[in-house]
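> Positions in the sequence shown are counted from 1; adding 88 to them yields this note's numbering.
We put the CB at the ideal spot given by N, CA and C, even for glycine.
Structure below; questions to follow.
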Amino acid sequence: MTETTLRRHLTQSALDPNLIFLLEDIASACRSIASLVRNGAFEGNLGSANVENIQGETQKTLDILANDEFERICSNSPRLAALISEEVEEVTWLKEPKAGDYLLYFDPLDGSSNLDVNLSVGSIFAVMQVQSDGDRNVLLEGRRQVCAGYALYGPSTMLVLTDGTQVTGFTCHNSTGDFRLTHPNMKVPAETSEFAVNTSRYRYWDTPVRRYVDECVAGETGVRKRAFNMRWTASMVAEIHRILTRGGVFLYPADSNNRKAGGKLRLMYEANPMAMIIEQAGGAASTGFTSILDIQPNGPHQRIPVILGSQSEVDRLTDYHNANHSSETKE
Ligand code: AHG
Ligand code: MN
Ligand code: MN
């Protein structure tokens, strides 16, 4: 049987050839980052770079190297107009923007606190298009994404992509380095009994999040009348990949400790791409009040609350947020 490689899959699709070139460049960048991550201990690349990024977070050496790989490899794409990276404060313009040119948003290394402990990390990306000749507006809502995906650097390296029609998973063959289609038409299971949230933040949470988690933890004798399981890997890519594989819900809510910043996760290169993937796979993505993909961004590094996963659990969480909001406005 002929293997379906990433190239074969892309060239059989209706995608613009320039977008295919860009997606192949992204795949190459991810392959190279996988190797940097894997060889980090030999090349002296583990640990902190002792530099603060625009997020006020200390960069790891591999955060910087991964960003450089995205820049170096993807800058060759003929219709790529700009790069918007977690690690770079300003938008990097590569050419005079023309209508239809591509804009690449990316988190070069996600979950980088996992690097030194040899646990899963990933890269996240989204592609949008310049609206008209000369237009340098990159603050476009997530519904305009033409493609989104992530690479997971786990026991195997995977690339999961959506072009707005379906979600497809590829695994990098460890000997040949090619990405082969292994997970066609990925779907989030509708019903689930697993949640992912950093419960050490319980004391900061708002009522709706506490209510939801309390009810899950109550198990069979609580209102949910069944046992729930909890997982937290502190790597959004690993979390979302688990949810795409066996269901669940992922929360990084706004709380009393992060509300001033807007939340923890970034809209343009974390929440939006993952929201597109999860929606395309039959799940849902919300802030608790609004669909993530409908948010009009106010800055390239904007943070927002994130609830992603199985439709029924996201619906329940948005119901709890709305119920709490209306009871607060009545008081
Ligand atoms: P990044 O490494 O790109 O800064 O992102 C880390 C994010 C995300 O991957 C994860 O879900 C979350 O931060 C972990 O947060 P906690 O440290 O609060 O667990
Ligand atoms: Mn991240
Ligand atoms: Mn990152």
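Relative to the alpha-carbon of Glu159, which residue among Val301, Gly307, Leu191 and Gly350 has its alpha-carbon at the smallest distance?
What you label residue 159 is simply residue 71 of the sequence shown in a count that begins at 1. For Glu159, the nearest C-alpha among the options comes from Leu191.
> Are the stretch 366 to 375 and the stretch 303 to 314 touching by the rule of at least three beta carbon pairs closer than 8 Å?
With a cut-off of 8 Å, the stretch 303 to 314 and the stretch 366 to 375 do not count as touching, because too few Cβ pairs lie within range.
> Under a criterion of Cβ closer than 6 Å to any non-hydrogen atom of ligand 2, which residues qualify, in chain order?
Qualifying residues come out as Asp195, Asp198, Met324 and Glu358.
> Does Lys148 come out as helix, strand or coil in the three-state DSSP assignment?
The residue labelled residue 148 in the question sits at position 60 within the sequence shown. If DSSP states are grouped into helix, strand and coil, Lys148 belongs with the strands.
> Run the proximity test for Glu140: is its beta-carbon closer than 7 Å to any non-hydrogen atom belonging to ligand 5?
Ligand 5 is not among the ligands present in this structure, which contains only ligand 1, ligand 2 and ligand 3.
> Quick one: give me the first and last residue of the alpha helix (DSSP H) that Ala239 is part of.
As a first step, residue 239 is located in the sequence shown; it is residue number 151 there, counting from the start. That residue, Ala239, is in no alpha helix (DSSP H); its beta strand (DSSP E) goes Cys235 to Tyr241.
> Run the proximity test for Asp151: is its beta-carbon closer than 7 Å to any non-hydrogen atom belonging to ligand 3?
The count along the sequence shown starts at 1 and reaches residue 151 at position 63. Answer for Asp151: yes, Cβ within range of ligand 3.
> Alpha carbon to alpha carbon, how far is Asp156 from Val305?
Looking up residue 156 in the sequence shown gives position 68. Looking up residue 305 in the sequence shown gives position 217. Roughly 43 Å separates the two Cα atoms.
> Assign Pro361 to buried or exposed, taking buried as 16 or more other Cβ atoms, counted over all protein chains shown, within 10 Å of its Cβ.
Along the sequence shown, read from residue 1 onward, the residue named residue 361 stands at position 273. Buried is the call here.
> Secondary structure at Ile366, three-state DSSP: helix, strand or coil?
As a position in the sequence shown, residue 366 is number 278, starting the count at 1. Here Ile366 sits in helix by DSSP.
> Going by alpha carbons, who is nearest to Ser244 out of Arg334, Trp293 and Thr270?
Here residue 244 refers to the residue found at position 156 of the sequence shown. That would be Thr270, whose Cα lies nearest to the Cα of Ser244.
> Can you tell me the Cβ-Cβ gap for Tyr300 and Asp343, rounded? I've got them flagged as a contact below 8 Å.
Taking the sequence shown and counting its residues from 1, the one referred to as residue 300 is at position 212. Taking the sequence shown and counting its residues from 1, the one referred to as residue 343 is at position 255. Not really, about 13 Å apart at Cβ, beyond 8 Å.
> Look at Ser398 and Glu303 and say whether their C-beta atoms are less than 8 Å apart.
What you label residue 398 is simply residue 310 of the sequence shown in a count that begins at 1. What you label residue 303 is simply residue 215 of the sequence shown in a count that begins at 1. No, the pair does not count as a contact, with Cβ atoms beyond the cut-off.
> In terms of residue numbering, what span does the alpha helix (DSSP H) encompassing Asn106 cover?
On the sequence shown, residue 106 is found 18 positions in, with the first residue counted as 1. Looking at the DSSP string, the run of the alpha helix (DSSP H) that includes Asn106 is Pro105 to Arg126.
> Beta-carbon within less than 7 Å of Val285's beta-carbon, same chain only, minus the 5 sequence neighbours each way: which residues are those?
By one-based count along the sequence shown, residue 285 stands at place 197. Cβ within range, chain order: Val301, Trp320 and Leu339.
> Cβ-heavy atom distance between Glu174 and ligand 3 below 7 Å?
Position 86 of the sequence shown, counted from the first residue, corresponds to residue 174. Glu174 Cβ: within cutoff of ligand 3.
> So is Gln100 buried or exposed if we call it buried at 16+ other beta carbons inside 10 Å?
Locating residue 100 in the sequence shown gives position 12, counting from the first residue. Label assigned to Gln100: exposed.
> How many angstroms separate the CA atom of Thr406 from the CA atom of Asp104?
For this step, residue 406 is matched to residue 318 along the sequence shown. For this step, residue 104 is matched to residue 16 along the sequence shown. Going by the C-alpha atoms only, they are around 37 Å apart.
> Can you tell me whether DSSP reads Asn225 as helix, strand or coil?
Here the question's residue 225 lines up with position 137 in the sequence shown. Correct three-state label for Asn225: coil.
> Only counting the same chain, and skipping five residues up and downstream in sequence, which positions put a Cβ closer than 6 Å to that of Ser220?
Walking along the sequence shown from the start, residue 220 turns up at place 132. Result list for Ser220: Ala187, in chain order.
> Would you list the one or two residues that DSSP bridges to Gln217?
Here residue 217 corresponds to residue number 129 of the sequence shown, with the count starting at 1. In the DSSP output, where bridge partners are listed per residue, Gln217 has Tyr190.
> Would you say the beta carbon of Ser201 is closer than 7 Å to some non-hydrogen atom of ligand 3?
What you label residue 201 is simply residue 113 of the sequence shown in a count that begins at 1. No - ligand 3 has no heavy atom lying nearer than 7 Å to the Cβ of Ser201.
> With respect to the alpha helix (DSSP H) encompassing Glu340, which residues constitute its N-terminal and C-terminal limits?
In the sequence shown, counting from the first residue as 1, residue 340 sits at position 252. Strictly speaking, residue 340 in this sequence is Tyr, with Glu absent from that position. Segment Val337 to Tyr340 is the beta strand (DSSP E) holding Tyr340; no alpha helix (DSSP H) there.
> Taking only three categories from DSSP, how would you classify Pro196?
For the purposes of this step, residue 196 is taken as the residue at position 108 of the sequence shown. Note: Pro196 maps to strand in three-state DSSP.
> Measuring CA to CA, which of Leu107, His261, Leu396 and Leu355 is closest to Leu168?
Taking the sequence shown and counting its residues from 1, one reaches residue 168 at position 80. The shortest Cα separation from Leu168 among Leu107, His261, Leu396 and Leu355 belongs to Leu107.
> First and last residue of the beta strand (DSSP E) that includes Leu182?
Within the sequence shown, numbered from 1, the residue matching residue 182 stands at position 94. No beta strand (DSSP E) contains Leu182, which DSSP labels as neither H nor E.
> Looking at C-beta atoms only, is the number of pairs between the stretch 235 to 252 and the stretch 201 to 214 that lie closer than 8 Å three or more?
Result yes; three or more Cβ-Cβ pairs closer than 8 Å.
> As an exercise, report each continuous alpha helix (DSSP H) stretch of at least 4 residues that is fully enclosed by the stretch 248 to 321, in chain order.
Those alpha helix (DSSP H) runs which fall completely within the stretch 248 to 321 and span 4+ residues are 295 to 306.
> Could you compute how far the alpha carbon of Asp223 sits from the alpha carbon of Glu229?
Along the sequence shown, one-based indexing puts residue 223 at 135. Along the sequence shown, one-based indexing puts residue 229 at 141. Answer to the nearest angstrom: the Cα atoms are 15 Å apart.
> Can you tell me whether DSSP reads Ala349 as helix, strand or coil?
As a first step, residue 349 must be located in the sequence shown, where it is residue number 261. In this structure, Ala349 counts as helix in the three-state DSSP scheme.
> Is Glu416 buried or exposed, if buried means 16 or more other CB atoms sit within 10 Å of its CB?
Reading the sequence shown from its first residue, position 328 is the one you call residue 416. So Glu416 ends up on the exposed side.
> Tell whether a beta-carbon distance below 8 Å holds between Met324 and Leu353.
Within the sequence shown, residue 324 is the residue found at index 236, counting from 1. Within the sequence shown, residue 353 is the residue found at index 265, counting from 1. Going by C-beta atoms, Met324 is nearer than 8 Å to Leu353.
> Can you grab the Cα-Cα spacing for the pair Ser200 / Glu145, in whole Å?
In the sequence shown, the residue the question calls residue 200 occupies position 112. In the sequence shown, the residue the question calls residue 145 occupies position 57. C-alpha separation (whole angstroms): 11 Å.
> Could you have a look at Ser165 and say whether DSSP puts it in helix, strand or coil?
Counting from 1 along the sequence shown, the entry for residue 165 is found at position 77. Note: Ser165 maps to coil in three-state DSSP.
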